[in-house]
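Those protein sequence lines, which keep their order, are chains A and B.
The opening position of the first sequence corresponds to residue 77 in the working numbering, with each subsequent residue numbered one higher.
The opening position of the second sequence corresponds to residue 557 in the working numbering, with each subsequent residue numbered one higher.
Built from N, CA and C at the ideal position, the CB exists for glycine as well.
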Amino acid sequence: MTEARLMQGNEACAEGAIAAGVSFFGGYPITPSTEIAEGMAKMLPAIGGKFVQMEDEIASMGVVLGASLAGKKALTASSGPGISLKQELIGYAACAEIPVVIVNVQRVGPSTGQPTAPSQGDVMQARWGTHGDHPMIALSPWSVREAYDAAVMAVNYSERFRTPVILLMDEIIGHLREKVVLPEAKDIKIYPRRKPACSRAEGYQPYTPDKDLVPNVANFGEGYHIHVTGLIHDETGFPVGSPKITEEAIDRLHQKIEIARDEITHTEEYFMDDAEYAVIAFGGTARTAYEAVKNARAKGQKVGMVRLMTIWPFADKIVKALAAKVKGILVAELNYGQLVHEVERAVAGKCDVQLCAKYNMEIFEPQEIESGIDKLCAGGKD
Amino acid sequence: MERSYEKYFRQNRLPHLWCPGCGNGIAMKAIVQAIEKKGLSQDNTVIVSGIGCSSRASGYMDFDTLHTAHGRAIPFATGIKLANPELNVIVITGDGDCTAIGGNHFIHGCRRNIDLTVVLFNNNIYGMTGGQASPMTPLGKKATTAPYGSIDRTFDAARLAEAAGATYVARSTAYHVQHLTDMIVQGLDNQGFSFIEAMVQCPTAYGRKNKMGSAADMMKDMQESAVMKAAWDKLAADKKEHKFPIGVLYKEDGLDYATAYEAVIETAGGKNK
Ligand SMILES: Cc1ncc(C[n+]2csc(CCOP(=O)(O)OP(=O)(O)O)c2C)c(N)n1
């Protein structure tokens, strides 16, 4: 075991990414994500890695994608307005299948919003924030230690599926300081960069999918002479105007994640054994929800909590099973109501679904979620 | 005739999509001839482009090639070069790609003096989308989005590059093909941000809108308007109208970004990989 340290969430995220093999960072300062860039600027050169501060967030996405294509594991971090700028090239990464991790330390929006205040208002942006059909993986840690673990996981998933992964933090966790004991390097599983299975002479095509539907795209400079484009392409990597190939390409992008969906959907249950009601929460809000559920239990209410660590792909199966078991679900989120729609979709009328929303710059107080629980247990009546 | 440069093309991706008479092919060939002259390895050279007619060149060239998004070639290229400084990185871009949507990336690439060789295929128009005005469409010239003649003042991308910090700036034309090749060779020689503006004719969109005649007529125009830098410097101001200088326009010594970063790694106590 390593020694206990007092650490900030953003710091843990940066260290986790490095532990997972990240050696390149490109970014642009923005609160509340800046500590990640600052940490990377300091730590990366010390391990022979590289940090570059770009002219904006579009360029930050471009530079990390270039570095990734040249063989380096790469990370970028931002918030609100910066994530909006990154969207164009998040889609490029999805289409051209370039591993990259984008950290979004959420703050209040829209627009410049409330720059230093916590929010979870980018749930839907994380899922859909770029044009066109594409899958997405987004992870949301609820502690400083989990920010570290989620960073490792995000880098691993980006490499394994050759896809952009969003580490959907929030200001609560990004700026939280708590005591952590980090895992030892030898206990951290790292997914290495995928390698071409054959040579050019043997007919290598960069976008031929492997058994898991993920292609083994060569790095630049390895002699494969590959072509990478954001146009829809076939296995050769070159654009084609064919409806059939277009459909197949978009299918495969989705299917490579879909077939691994159960494995990458991480959730946790608390006080759920005999629960008749459940609270669903994620990220920083899950900490308050946990407290609220504990208090409710003390009052004798049969309520538990399901915490989503994987936000996307959405935990459909788990929520569906939950709906068959409980009388009602309360979704607590620090926004006007986003994830609740996904919960309603998965529940499909099988139980009551209520929303506990907050979007006034402040984090939840346990009592606020407790009154939500009271209302839920009363069948929606105050 | 010996065509040793053919090995630099992906024969199975040709013919190209450019219109008859387009100057892009000449500029693309000048790039591979410069690569051949320099003896750059195909395994160790990456061609990065943006979006546009000109940026389609990357797909025809037999290297590791990257066709990025509109305006974003320079940030991608910066990432490639920094991640692996051993690679030669050449950027192909259009006048809209480079100076409109990619303008900010362009000046910051120059400022960092990152070791890229950027060749701008300047056809004075948005070719790919059918002839809209670009920031390099000359005043008064017509485009589909400037049907009464453009009133937008024009960027001089070469002067912009120089002011922003590029350490090698040159211009040539599709007419002066040997000279263009030589300008690119010198750009590849420079360890730092090298910018070469290659004037190319677009008879289909720009030429037709402005009644400039055939591709050959447009090239003749280039021949008449282009003045070698040394002669340009001596030319009286009133003789400069409708003319432009070609040759090496600016050159200075300056530490390139990837080399500068090696010192950062040393200071931080890391090992250069
Ligand atoms: C973000 C974005 N905006 C607009 C376009 C549409 N578009 C494609 S090419 C192009 C202009 C290309 O002009 P230029 O860069 O001068 O290159 P050329 O085609 O003339 O070689 C535009 C506007 C796009 N692909 N992406």
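Within the region 141 to 166 of chain A, the residues whose Cβ lies closer than 7 Å to any Cβ of chain B are, in chain order, L141, G142, A143, L145, A146, G147, K148, E164 and L165. Straight-line spacing of the CA atoms in H210/A and N232/A works out to 19 Å.
Only A294, N295, F296, G297, E298, G299, Y300, H301, I302, H303, V304, T305, G306 and L307 from the region 284 to 308 of chain A bring a Cβ to less than 9 Å from some Cβ of chain B. Three or more Cβ pairs closer than 8 Å define a contact, and the region 672 to 680 of chain B meets that threshold against the region 744 to 756 of chain B.
For G650/B, no Cβ of chain A is located within less than 8 Å of the residue's own Cβ. Judged by DSSP in its simplified three-state form, M381/A adopts strand. N680/B and M692/B have their C-alpha atoms spaced approximately 5 Å apart. The DSSP-derived three-state label of M437/A is coil. The beta-carbon of G825/B is placed less than 8 Å from the nearest beta-carbon of chain A. Between G205/A and I159/A the beta-carbon gap is near 7 Å, inside 8 Å, which marks them as a contact. Within 7 Å of the C-beta of T322/A there is not a single heavy atom belonging to ligand 1. The CB of F100/A comes closer than 8 Å to the CB of G635, L638 and A639 in chain B, given here in chain order.
Pairing V256/A with A88/A gives a Cβ-Cβ distance under 8 Å. In this structure, R238/A keeps its C-beta atom at 8 Å or more from the C-beta atom of P315/A. By the rule that beta-carbons nearer than 8 Å mark a contact, D209/A does not touch chain B.
With the rule of 3 Cβ pairs closer than 8 Å, the region 267 to 279 of chain A does not count as touching the region 329 to 347 of chain A. In this chain, the alpha helix (DSSP H) harbouring L165/A covers G156 to A172. With a threshold of 7 Å, the Cβ atom of H623/B does not count as near ligand 1, since no heavy atom of the ligand is closer than that. In the structure shown, R727/B adopts extended strand secondary structure according to DSSP, grouped into three states.
Closest by C-alpha distance to S144/A, out of D618/B, G687/B and A639/B, is A639/B. In the three-state DSSP reduction, A325/A falls in the helix class (H, G or I).
Contact annotation for Q567/B against chain A: no contact, minimum CB-CB distance about 13 Å [criterion: below 8 Å]. Within chain A, the residues whose beta carbon sits less than 7 Å from that of I821/B are P121 and G124, listed in sequence order. Proximity of F751/B to chain A, defined by a Cβ-Cβ separation below 8 Å, is not satisfied. Sorting K126/A, S154/A, D450/A and E164/A by C-alpha distance to the C-alpha of A372/A places D450/A at the top. With respect to chain A, the C-beta atom of F711/B has no partner C-beta closer than 8 Å. For Y168/A, the nearest CB of chain B lies under 8 Å from its own CB, placing it at the interface with that chain. In the three-state scheme derived from DSSP, where H, G and I count as helix and E and B as strand, F101/A is classed as strand.
Residue H303/A holds the alpha-carbon nearest to the alpha-carbon of A172/A among E344/A, V395/A, E260/A and H303/A. In chain order, N660 make up the part of chain B whose C-beta sits under 7 Å from the C-beta of D132/A.
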